[in-house]
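Report on one structure; see the data block that follows.
Numbering (the working numbering), first residue to last: 2 to 237.
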């Protein structure tokens with residue numbers, strides 16, 4: 002009797018393990034498919050609206066009127082349209098074609114002005130996808146050689162911004178990133194804080210001058226629980 006109960010218990014455990022393995026296998030497959038669809042969607046947008054540095058803004062606006070810019074970093078997978086939603090949740094898991102995808106969009110903070118020069122701190126967010134897409138390659142700016150040699154390009158209908166990083170690091174997520182400062186003193190104190198956090202010595206010289214806006218790029222990081230990679234840049 003005892004052997005039968007033991008065998009039955011083992012059978013139940015094996016079945017439970019198989020069901021769990023099947024469930025997690027299905028979820029992994031679904032995420033893989035979703036990532037492939039996300040990549041295909043953005044590749045299609047690039048093909049239809051971008052040739053080199055020329056961007057067809059009219060076509061982009063027809064697809065999504067929330068377009069504000071295009072971000073590109075040479076030698077990385079960062080090559081995406083940038084949107085701005087009504088809230089910072091709007092494009093967290095919604096792609097440029099306004100379809101649900103976990104990877105969502107690269108987006109400008111909803112509290113920022115679309116005219117970057119009018120902001121104290123232009124803050125951009127994007128997911129760190131494990132397949133290397135979206136903002137995954139931001140982490141490269143934490144490498145000395147890469148950060149020194151590479152520029153973040155922000156294209157808008159009116160201007161192209163060439164940005165150089167002055168601070169790059171990983172830390173636990175900030176509860177809030179300041180968009181505006183009360184005065185220059187407050188802004189200087191924030192810049193000093195960013196310089197102290199910086200882990201790339203050769204880029205520290207690129208600090209913003211008076212009245213120059215900061216450009217902040219944020220994504221998830223996998224060093225620890227609730228970590229983020231932050232890159233802060235200034236116009237060249």
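Glycine included, C-beta positions come from ideal geometry on N, C-alpha and C. None of the values given here were measured: they were computed from a predicted structure.
If you draw a straight line from the Cα of residue 81 to the Cα of residue 126, it comes to about 12 Å. Annotation: the continuous beta strand (DSSP E) that includes residue 172 extends over 161-173. Around the C-beta of residue 102, 16 or more other C-beta atoms lie within 10 Å, and the residue is accordingly described as buried. Counting C-beta atoms within 10 angstroms of its own C-beta, residue 85 has 16 or more neighbours from the protein chains shown and is therefore classed as buried. Taking residue 232 as the centre and dropping the five residues before and after it, the same chain places the C-beta of 139, 142, 166, 169, 218 closer than 7 Å to its C-beta, in chain order. Secondary structure within the region 51-115: the alpha helix (DSSP H) runs of 4 or more consecutive residues, fully enclosed, are 58-64 (chain order). Rounded to whole angstroms, the gap between the alpha carbons of residue 161 and residue 212 is 19 Å. Annotated as distal: residue 204 and residue 196, with beta-carbon spacing of 7 Å or more. Taking 7 Å as the cut-off, the beta carbon of residue 180 is found closer than this to the beta carbon of residue 122. When secondary structure is reduced to three states using DSSP, residue 232 falls in the strand class.
Within its own chain, the residues whose Cβ lies closer than 6 Å to the Cβ of residue 89, once the five positions on either side in sequence are excluded, are 111, listed in chain order. Within the same chain, Cβ atoms closer than 6 Å to the Cβ of residue 220 are found at 127, 129, 136, 139, 230, the five residues on either side in sequence being excluded. In terms of Cβ geometry, residue 39 and residue 133 do not form a close pair [threshold 7 Å].
Counting only the Cα atoms, residue 182 lies some 10 Å from residue 190. Between residue 234 and residue 164, the beta carbon gap of about 4 Å places them in contact (Cβ cut-off 8 Å).
The three-state reading of DSSP puts residue 123 in strand, counting E and B together. Judged by their CB atoms, residue 222 and residue 171 are nearer to each other than the 7 Å cut-off. Counting other Cβ atoms within 10 Å of its Cβ, residue 158 stays below 16 and is therefore classed as exposed. Judged by DSSP in its simplified three-state form, residue 154 adopts strand. When DSSP states are grouped into helix, strand and coil, residue 192 belongs to the helix group. Rounded to the nearest whole angstrom, the CA to CA distance from residue 98 to residue 153 is 24 Å. When the beta-carbon positions are compared, residue 108 and residue 92 come within less than 7 Å of each other.
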